[in-house]
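Asker: Residue numbers (the working numbering), protein chains in the order written: chain R, 174 to 456; chain L, 174 to 456. We put the CB at the ideal spot given by N, CA and C, even for glycine. These numbers were taken from a predicted model, which means no experiment stands behind them.
In structure tokens, the structure reads:
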């Protein structure tokens, strides 16, 4: 069932809750691929009813980012969801979510702001305000759908950790279910932004997963010094790569690590052919 | 029933919800007086079950404010609530609400931040960060108690308007019930901070309600120019008063007014004997 209005979703979910059914939410920006599908399947398995939200959230895009050209494929998304057993695809307009007023800054809107310590690193450093927009829209979706479970991919690991922190800090009554990264056979992590890559770019993009796998291998062989582990990355980089960061952080607190351990997650962001890609791995 | 733990409250409320009962929340900082009691009575009248939270929220006090000396009278509060038919008095510790970590800034905690336009005036101007703390704790209480209705006094009108804005912006599924100011016979608006006033101060404190009533009378007689209305205030002020602000704002959007109308609310803050008092009136 494709719904566009907040009240329609709310009414339906309340009906389910009255019947004692559990509700799962998979928040997405659409352009669904097999990565999303793995979350959706997990949700359908775990919950009596599943809501997939499809909303390209304007307030999480920074100036100069790809808000306008971000892929929008609602018809195909809806079909994929229906086939997977999703009960509601919730696809609101920006106006439905944020009202008529086009001024969507924190001058005129209430924001949910994640802690600076979690934001002032990795993607948050270059994408200023991005996670404010993410937390705000996810908070809104939680309030609209009132899910028992919400499913987030580990692909956006910093986002996942920040959402878990928000749920804890604000006592939100939802269980966050992390879902592992889905990759092409080549190793490339699935992303809606892969659509921007040329065939050549796609080959160059393999550097990200290769770097991460190599670091994991080195760590498994006993190398724990982060400096040394970082240095193993350069063999995979060439003039096609614009490395933004390669960082080692605690997988819960996002504290930077000098020495890697089994709770360390390695995060990489790199532009390939002008397309910004991210990936990560738990050691 | 006096409860101190989030999970105890949550479990009890879920039980009520299963039975189809409606739940009202009256958030307070304790030191309950007849103003609170009027909210509580309204809640008991309107809802099947009522939760009164009693929590002196550290993150809404600014440095140098009266966090430590703020009156704490839990036993009497609990008695008043029981007598009024309240089902749960929820009195958590700061640790229960914010965890062990004493660093409760937005470096380490997720905050709910009201729009700058609503905050950069009236009490928000001198109490920097105050409404961030208010919105964050009220959001937490909403998530813990999951009330159908929440009751706020018009005494703290800027707070009420900011909470209503938060509920709208974040799609929180709660109905906010505003409750009129309760006054002593003298006209003094009830406030927990009145306990700080000497007998002499209490007489001087009447200036606030006198100024507001006089402005309302002048408005009713046809004076709408805000400058002229403001000037009527000075006859009530003397060396015992330290006026912080006297402002005319829209009662929904908090927009400043040059010309008063029936949607205008007049806000006053004034120190008397070192005690900061506020009051307001709708024209």
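Helix, strand or coil: which one does DSSP assign to residue 426(L)?
Answerer: coil
Asker: Measuring only the C-alpha atoms, how far is residue 350(L) from residue 287(L)?
Answerer: 19 Å
Asker: What does the alpha-carbon distance come out to for the pair residue 178(L) and residue 265(L)?
Answerer: Each residue's Cα considered, the two are about 6 Å apart.
Asker: Need the endpoints of the beta strand (DSSP E) that residue 197(L) sits in, please.
Answerer: 196-201
Asker: Going by C-alpha distance, which of 281(R), 416(R), 433(R) and 231(R) is nearest residue 201(R)?
Answerer: Comparing Cα-Cα distances from residue 201(R) to each of 281(R), 416(R), 433(R) and 231(R), the minimum goes to 231(R).
Asker: Identify every run of the alpha helix (DSSP H) within the segment 206-257 of chain L, keeping only runs that are complete inside it and at least 4 residues long; order them along the chain.
Answerer: Correct list: 207-219 and 247-257.
Asker: Let's see if you can read the secondary structure: which residues bound the beta strand (DSSP E) around residue 348(L)?
Answerer: 348-352
Asker: Return helix, strand or coil for residue 406(L), following the three-state DSSP convention.
Answerer: If DSSP states are grouped into helix, strand and coil, residue 406(L) belongs with coil.
Asker: Please list, in chain order, all residues of the same chain as residue 431(L) whose beta carbon is under 7 Å from its beta carbon, the five residues on each side excluded.
Answerer: Around residue 431(L): 399.
Asker: Quick one, which of 282(R), 307(R) and 406(R) has its alpha-carbon nearest residue 537(R)'s?
Answerer: Chain R is shown only over 174 to 456; residue 537(R) falls outside these bounds and no answer can be derived.
Asker: Run through the DSSP bridge pairs and tell me what residue 176(R) is partnered with.
Answerer: Looking at the DSSP assignment, residue 176(R) forms a beta bridge with 263(R).
Asker: Would you kindly work out how many angstroms separate the C-alpha atoms of residue 368(R) and residue 223(L), rounded to a whole number?
Answerer: 53 Å
Asker: Please tell me whether residue 281(L) has its Cβ less than 7 Å away from any Cβ of chain R.
Answerer: Cβ-Cβ to chain R under 7 Å: yes for residue 281(L).
Asker: Can you list the residues of chain L that residue 422(R) reaches, using a CB-CB cut of under 8 Å?
Answerer: None at all; the shortest Cβ gap to chain L is about 15 Å.
Asker: Give a yes or no on whether 7 Å exceeds the smallest Cβ distance from residue 285(R) to chain L.
Answerer: yes
Asker: Do you know how far the Cα of residue 211(R) is from the Cα of residue 447(R)?
Answerer: 28 Å
Asker: In chain order, what residues of the same chain lie with their CB nearer than 6 Å to the CB of residue 234(R), ignoring the 5 residues before and after it?
Answerer: 240
Asker: Please state the DSSP three-state secondary structure of residue 433(L).
Answerer: coil
Asker: Using only alpha-carbon positions, find the residue among 313(R), 220(R), 325(R) and 342(R) that is nearest to residue 353(R).
Answerer: 325(R)
Asker: So which residues on chain R does residue 376(L) lean against when the C-beta distance must stay under 9 Å?
Answerer: Those do not exist, as residue 376(L) stays about 40 Å from chain R at its closest Cβ, beyond 9 Å.
Asker: Assuming residue 418(L) and residue 380(L) make a contact with CB atoms under 8 Å, what is their CB distance in whole Å?
Answerer: About 14 Å separates the two Cβ atoms, so there is no contact after all.
Asker: Return the CA-CA distance between residue 315(L) and residue 186(L), expressed in angstroms with no decimal places.
Answerer: 12 Å
Asker: Just grab the DSSP bridge partners of residue 326(L) for me.
Answerer: 352(L)
Asker: Is it true that the segment 182-197 of chain L meets the segment 404-416 of chain R, where meeting means three or more beta-carbon pairs spaced less than 8 Å apart?
Answerer: no
Asker: Measure the alpha-carbon distance for residue 226(R) versus residue 251(R) and round it to whole angstroms.
Answerer: Going by the C-alpha atoms only, they are around 10 Å apart.
Asker: Give me whichever residues DSSP pairs with residue 420(L) in a beta bridge.
Answerer: 440(L)
Asker: Tell me the DSSP bridge mates of residue 378(R)?
Answerer: Partner(s): none; residue 378(R) has no beta bridge.
Asker: From which residue to which residue does the alpha helix (DSSP H) around residue 312(L) run?
Answerer: First-last of the alpha helix (DSSP H) with residue 312(L): 303-318.
Asker: Here's the rule I'm using: 16 or more other beta-carbon atoms within 10 Å means buried, otherwise exposed. How should residue 460(R) be labelled?
Answerer: Look at the range of chain R in this structure, 174 to 456, and you will see that residue 460(R) is not part of it.
Asker: Using a beta-carbon distance below 7 Å, is residue 289(R) in contact with chain L?
Answerer: Closer than 7 Å to some Cβ of chain L, the Cβ of residue 289(R) qualifies, so yes.
Asker: Quick check: is any heavy atom of the ligand PLP less than 6 Å from the C-beta of residue 357(R)?
Answerer: This structure simply doesn't include the ligand PLP, nor any ligand for that matter.
Asker: If you follow the beta strand (DSSP E) that residue 284(L) is part of, which residue opens it and which one closes it?
Answerer: 284-286 is the span of the beta strand (DSSP E), which, as asked, contains residue 284(L).
Asker: Does residue 373(R) get closer than 7 Å to chain L when you measure Cβ to Cβ?
Answerer: no
Asker: Quick one: does residue 434(R) have its CB under 7 Å from some CB of chain L?
Answerer: no
Asker: Cβ of residue 452(R) within 7 Å of Cβ of residue 436(R)?
Answerer: In this structure, residue 452(R) sits away from residue 436(R), with a CB-CB distance that is not shorter than 7 Å.
Asker: Any C-beta of chain R sitting closer than 7 Å to the C-beta of residue 345(L)?
Answerer: Cβ-Cβ to chain R under 7 Å: yes for residue 345(L).
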